[in-house]
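To keep things clear, I will list the structure first and then write my remarks on it.
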């Protein structure tokens with residue numbers, strides 16, 4: 001069984017981590033990320049590391065231990081490096097453009113799709129690629145999933161919006177009977 005919760009999380013230079021009761025706050029400059037643990041894990045900051053401990057020996061406490069460790073590590077990683085997802089648009093006449101705080105998509109419908117970019121995210125477009133970047137892993141993934149959901153890739157020609165690392169399993173088209 002994985003024991004990801006045991007691994008301490010190193011705090012890089014420029015990152016400030018504070019614990020207030022059951023809330024972990026990760027701060028870099030003006031950016032602040034908070035994780036509410038609801039008292040499900042013990043939190044200690046020592047020697048430039050964050051160490052989480054289990055509360056009890058139940059299966060549920062073990063699950064919370066690993067989950068909150070991963071969430072804390074993602075908050076620290078998001079403020080130092082950041083997270084990004086890339087999407088690819090395939091199809092004749094399919095295009096995207098960023099206009100202010102709105103991503104405008106032309107995906108073969110009779111109307112353009114306007115997606116308001118959430119605060120804290122940066123969306124850029126180059127040719128047929130859309131890059132979503134931000135400090136919150138969940139927010140980046142959710143925004144990319146919403147954009148992909150506007151026109152999912154279809155299995156015959158591969159038209160639609162897909163992740164750049166996604167492999168689309170193609171289906172054979174109709175064949176004539178002779």
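Residue numbers (full-length UniProt numbering): 1 to 178.
All C-beta atoms, glycine included, are put in the ideal place defined by N, C-alpha and C.
Test item: CB-CB of residue i and residue j under 8 Å
i           : j           : result
residue 4   : residue 50  : no
residue 26  : residue 33  : yes
residue 28  : residue 15  : yes
residue 262 : residue 133 : Residue 262 lies beyond the stretch modelled for the chain, which goes from 1 to 178, so this question has no answer here.
residue 19  : residue 45  : yes
residue 113 : residue 102 : no
residue 146 : residue 155 : no
Identity of the residue in the options nearest residue i by Cα
i           : options           : result
residue 91  : 169, 17, 6, 151   : 151
residue 95  : 125, 146, 175     : 125
residue 30  : 19, 135, 55       : 135
residue 47  : 17, 172, 100      : 17
residue 181 : 66, 144, 78, 104  : Nothing about residue 181 can be read from this structure; the chain reaches only from 1 to 178.
residue 69  : 24, 166, 139      : 24
residue 43  : 176, 109, 65, 131 : 65
Residues near residue i by beta carbon distance below 7 Å, same chain, minus five either side
i           : result
residue 88  : 128, 129, 162, 164
residue 139 : 118, 120, 121
Close Cβ partners of residue i (< 6 Å) along its chain, the five nearest in sequence each way excluded
i          : result
residue 39 : 22
residue 61 : 54, 55
residue 74 : 137
residue 67 : none
Cα-Cα separation between residue i and residue j, rounded to whole angstroms
i           : j           : result
residue 80  : residue 12  : 8 Å
residue 111 : residue 97  : 14 Å
residue 148 : residue 170 : 18 Å
residue 53  : residue 83  : 27 Å
residue 123 : residue 105 : 13 Å
residue 37  : residue 119 : 24 Å
residue 63  : residue 178 : 59 Å
residue 176 : residue 100 : 50 Å
residue 115 : residue 157 : 25 Å
Buried or exposed (CB count within 10 angstroms, at least 16 for buried), residue i
i           : result
residue 174 : exposed
residue 78  : buried
residue 72  : buried
Own chain, CB closer than 8 Å to residue i, minus 5 neighbours either side, in chain order
i           : result
residue 107 : 89, 91, 94, 113, 150, 151, 160, 161
residue 153 : 90, 159, 160, 161, 162, 166, 168
residue 172 : none
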